[in-house]
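J.: One structure, pasted below without further comment.
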Amino acid sequence: MKIAWFSPLPPKKSGIADFSRNVLTYLKKFSKLILFVEDYWPTESLVRDCLVVRYVEKARINWKVLEQVEACDLVFFNMSNDFRFHSYVYELLLRYPGIVILHDYVLQFFYAGYYLIEKRNFSGYIEKFKELYALDLITTNTAVDRRTAILNFLKKIYVEHSILWYPMNEEVISKASALVVHSDFALQNIKKKFLSKPVVKIDLPYTLPEEALASLRSNSYSFSVPKDRPKLIAATFGYVLPNKAYELVFKVLQSNPMLQKHMEYWIVGGTFFWYNIHSLAKKYKLQAIVKIFGYQEPEKVQEILSCVDLCIALRDPTMGETSSSLLNQMLLSKPVVVLNVGWYAELPNTLVFKLNPESAEKELEEILKMSLFNRSELIKMGNRAKEYVLAHHTPIHYAQKLMEVGRQFNEMINKKND
Numbered sequence: 047m048k049i050a051w052f053s054p055l056p057p058k059k060s061g062i063a064d065f066s067r068n069v070l071t072y073l074k075k076f077s078k079l080i081l082f083v084e085d086y087w088p089t090e091s092l093v094r095d096c097l098v099v100r101y102v103e104k105a106r107i108n109w110k111v112l113e114q115v116e117a118c119d120l121v122f123f124n125m126s127n128d129f130r131f132h133s134y135v136y137e138l139l140l141r142y143p144g145i146v147i148l149h150d151y152v153l154q155f156f157y158a159g160y161y162l163i164e165k166r167n168f169s170g171y172i173e174k175f176k177e178l179y180a181l182d183l184i185t186t187n188t189a190v191d192r193r194t195a196i197l198n199f200l201k202k203i204y205v206e207h208s209i210l211w212y213p214m215n216e217e218v219i220s221k222a223s224a225l226v227v228h229s230d231f232a233l234q235n236i237k238k239k240f241l242s243k244p245v246v247k248i249d250l251p252y253t254l255p256e257e258a259l260a261s262l263r264s265n266s267y268s269f270s271v272p273k274d275r276p277k278l279i280a281a282t283f284g285y286v287l288p289n290k291a292y293e294l295v296f297k298v299l300q301s302n303p304m305l306q307k308h309m310e311y312w313i314v315g316g317t318f319f320w321y322n323i324h325s326l327a328k329k330y331k332l333q334a335i336v337k338i339f340g341y342q343e344p345e346k347v348q349e350i351l352s353c354v355d356l357c358i359a360l361r362d363p364t365m366g367e368t369s370s371s372l373l374n375q376m377l378l379s380k381p382v383v384v385l386n387v388g389w390y391a392e393l394p395n396t397l398v399f400k401l402n403p404e405s406a407e408k409e410l411e412e413i414l415k416m417s418l419f420n421r422s423e424l425i426k427m428g429n430r431a432k433e434y435v436l437a438h439h440t441p442i443h444y445a446q447k448l449m450e451v452g453r454q455f456n457e458m459i460n461k462k463n464d
């Protein structure tokens, strides 16, 4: 079977690139792969035994690639909320339907980035929003320009947690011939709105490189952490964005002197100029215990993670996402704290600490206090989490399931066309 695969690939720094790296290792054992990439060359070891086609030239799609796409039995488009890696795939999908692997249920910020940053077309975003929801973001207040109106709206739905009312995923879903999602949350929401759209859930795989996983040792770190590790180390990983609820953690730490004395909070991930996490830590007077690392290469992230006792992976509001970084943490036997929303609510209660949104601060404080004096419980939970990920979230299982549902989708699509 010949498969066309559209996705960012290493060396691109993207969670979807890491996802594809692990899945393609097994997928190419079951099929003949054509990897469609933008104007760059993927890591050589990944593309061995695959055909690589660069379908973007000088910031434009080479539409002749469609001739090669049409010769494939299955066409997969990976789509996420990050316009930097999926804009060309989006444009291609509008003209050529395929099976969309939808990594984020909410695509609101993809469209915002696509129109406002990449295209510099504020009217385009306004018209697309009006097309999807029959709402005009430009009011009778002529003093507000288009850019300000859009940014005010995005801030409003973000702060008010109403972003799920306007996911802006309808166009991508309608254009897809079929969909693969990674959560029951996404599956059920799509089924409600698109009754006849073929859609299936496959459990997201971890994205740690398997060779790195095999060689990693839990005590092989070079950080300045004493061997007896007197302080509890909690950490949040990934891009530093406001919906990761750092302020909630800061409030808990500020209100409890005992926690400040006996723990540190590490923040590991790339930052954006418009969200100043350093200023937020200073606001709560927590500079002494909050360590901000900034972006780190994957190997360094693993090294840092090996030092951590407890991971905090909150999403408030959730974008309907699933989290490969959380799976990676669980895979390394790390206990994790999550909010009981979206995909995170679907994880078994024995594997993660779940906070109810209405009482999250109080519950997080209790978990942190328990963690100070009961490290053995953290170890037990971490071990259970690792066993679960190895049983349900492996790349080989994902590749096998993808081939199975791909064939089923193909039969359904062919029958429909006949």
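Under the numbering used here, residue 464 is the last one in the sequence shown; the count climbs by one each step, no gaps.
Don't be surprised by glycine CBs; every beta carbon is placed ideally from N, CA and C.
Bear in mind that the values here come from a model prediction, so they are computed numbers and not experimental data.
1) Apart from the five residues on each side of it in sequence, which residues of its chain come closer than 7 Å, Cβ to Cβ, to N456?
2) Can you give me the C-alpha to C-alpha distance between V99 and I172, rounded to a whole angstrom?
3) Determine contact between the region 325–338 and the region 245–261, defined as no fewer than three beta-carbon pairs at a distance below 8 Å.
4) With a cut-off of 8 Å on the beta carbons, I'd call D230 and H439 a contact; round off their distance for me.
5) Check this for me: beta carbons of D92 and L73, under 8 Å apart or not?
6) In the DSSP assignment, what are the bridge partners of G144?
7) Report the start-end ranges of each beta strand (DSSP E) in the region 329–356 that is 3 residues or longer and not cut off at the edges.
8) For E103, write down the residues that DSSP places opposite it in a beta bridge.
9) Considering just the uninterrupted stretch of the beta strand (DSSP E) at F82, what are its terminal residues?
10) Could you check the C-alpha separation between I459 and S126 for me, to the nearest Å?
11) I'd like the list of long-range same chain contacts for T317, defined as Cβ closer than 7 Å, with 5 residues on each side in sequence excluded.
12) What did DSSP end up calling W389 once you bin it into helix, strand or coil?
13) Curious, which full-length alpha helix (DSSP H) runs of at least 4 residues does the region 108–185 contain?
14) Where does K400 land, buried or exposed, given buried means 16+ other C-beta within 10 angstroms?
15) According to the neighbour-count rule (16 or more other Cβ atoms, all chains shown, within 10 Å of its Cβ), is Q348 buried or exposed?
16) Note the first and the last residue of the continuous beta strand (DSSP E) segment covering M458.
17) Around the C-beta of K367, are 16 or more other C-beta atoms found within 10 angstroms, so that it is buried, or is it exposed?
18) Identify whether V384 lies in helix, strand or coil by the three-state DSSP scheme.
19) Quick one: what's L373 bridged to in DSSP?
20) Taking Cβ positions, are K221 and L112 nearer each other than 8 Å?
21) Are the beta-carbon atoms belonging to N108 and V102 less than 8 Å from one another?
T.: In short:
1) In chain order, D119 and L120 place their CB closer than 7 Å to the CB of N456, counting only its own chain and leaving out the 5 sequence neighbours on each side.
2) Straight through space, the alpha carbons of I172 and V99 are spaced by roughly 34 Å.
3) Cβ pair count under 8 Å is below three, so no.
4) With 8 Å as the limit, D230 and H439 do not qualify as a contact, their Cβ atoms being about 15 Å apart.
5) Rather than Asp, the amino acid found at residue 92 in this sequence is Leu. Taking the C-beta atoms as reference points, L73 is found no nearer than 8 Å to L92.
6) Looking at the DSSP assignment, G144 forms no beta bridge with any residue, so it has no partner.
7) For the region 329–356, the continuous beta strand (DSSP E) assignments of 3+ residues that do not extend past its boundaries occur at 336–340, in sequence order.
8) Here E103 is bridged, per DSSP, to R106.
9) That run of the beta strand (DSSP E) goes K78 to V83.
10) Taking the straight line joining both Cα atoms gives about 24 Å.
11) In the same chain as T317, and ignoring 5 residues on each side of it, the C-beta atoms closer than 7 Å to its own belong to V286, I323 and G340, in chain order.
12) In the three-state DSSP reduction, W389 falls in the helix class (H, G or I).
13) Fully enclosed alpha helix (DSSP H) runs of 4 or longer: 112–115, 129–141, 154–158 and 168–179.
14) Result: buried.
15) Its Cβ being crowded by 16 or more others within 10 Å, Q348 is buried.
16) It is not in any beta strand (DSSP E) - M458 instead sits in the alpha helix (DSSP H) that spans P441 to N463.
17) Checking the sequence shown, residue 367 turns out to be Glu, not Lys. The C-beta of E367 has 16 or more other C-beta atoms within 10 Å across all chains shown, which makes the residue buried.
18) DSSP, read as helix, strand or coil, puts V384 in strand.
19) Paired residue(s): none; L373 is not in a bridge.
20) Taking 8 Å as the Cβ cut-off, K221 and L112 do not qualify as a contacting pair.
21) At a Cβ-Cβ threshold of 8 Å, N108 and V102 count as neighbours.
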